[in-house]
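Residue numbers (the numbering used here): 57 to 142.
Here the structure comes first, spelled out in structure tokens, and everything after it is commentary.
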Amino acid sequence: LAWAQISGGGAIVDDQAAVNAARAKNVVVRRSLALVGDGVHRKVITMDEARSLVDDLAASGGARLPCDGAGFEAWAEANGLALRDT
């Protein structure tokens with residue numbers, strides 16, 4: 057977060073305390089699942105690849121995410137992530 061603050065960059069964080077700290081310092085914050093959703097929306101990855109990525113994040117990195125791969129699409133839509141052009 058310190059690097060993002062002094063460089064004018066952004067931070068990719070999922071921990072709520074880190075998100076709050078970043079926002080308090082006016083650091084741009086993105087969460088992992090939002091980036092995955094952006095990839096689907098921009099057609100950089102498919103929905104199947106997104107599901108696998110979400111599962112891999114949880115399995116390999118120990119990420120505590122609000123959904124698994126199978127539930128990613130429903131979670132994203134419920135949380136206002138645009139997965140398709142409207």
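Ideal placement from N, C-alpha and C gives every residue a C-beta, glycine not left out.
May I have the straight-line CA-CA distance separating residue i from residue j, to the nearest angstrom?
i: Trp59; j: Val84; result: 12 Å
i: Ala130; j: Ala80; result: 30 Å
i: Arg140; j: Ile62; result: 34 Å
i: Gly117; j: Glu105; result: 17 Å
Using the rule of at least 16 other Cβ atoms within 10 Å of the residue's Cβ for burial, across every protein chain shown, is residue i buried or exposed?
i: Gly65; result: exposed
i: Leu91; result: exposed
i: Ala115; result: exposed
Beta-carbon of residue i versus every beta-carbon of chain C: anything under 9 Å?
i: Arg86; result: Protein chain content of the structure displayed is limited to a single chain, and chain C is not contained in it.
Please list, in chain order, all residues of the same chain as residue i whose beta carbon is under 8 Å from its beta carbon, the five residues on each side excluded.
i: Ile101; result: Val92, Gly95, Leu109
i: Ser88; result: Ile68, Asp70, Leu113, Ala119, Leu121
Item to check | Inter-stretch contact (C-beta, 8 Å, three-pair minimum) for the segment 97-105 and the segment 57-77 | outcome: Short answer: they don't touch.
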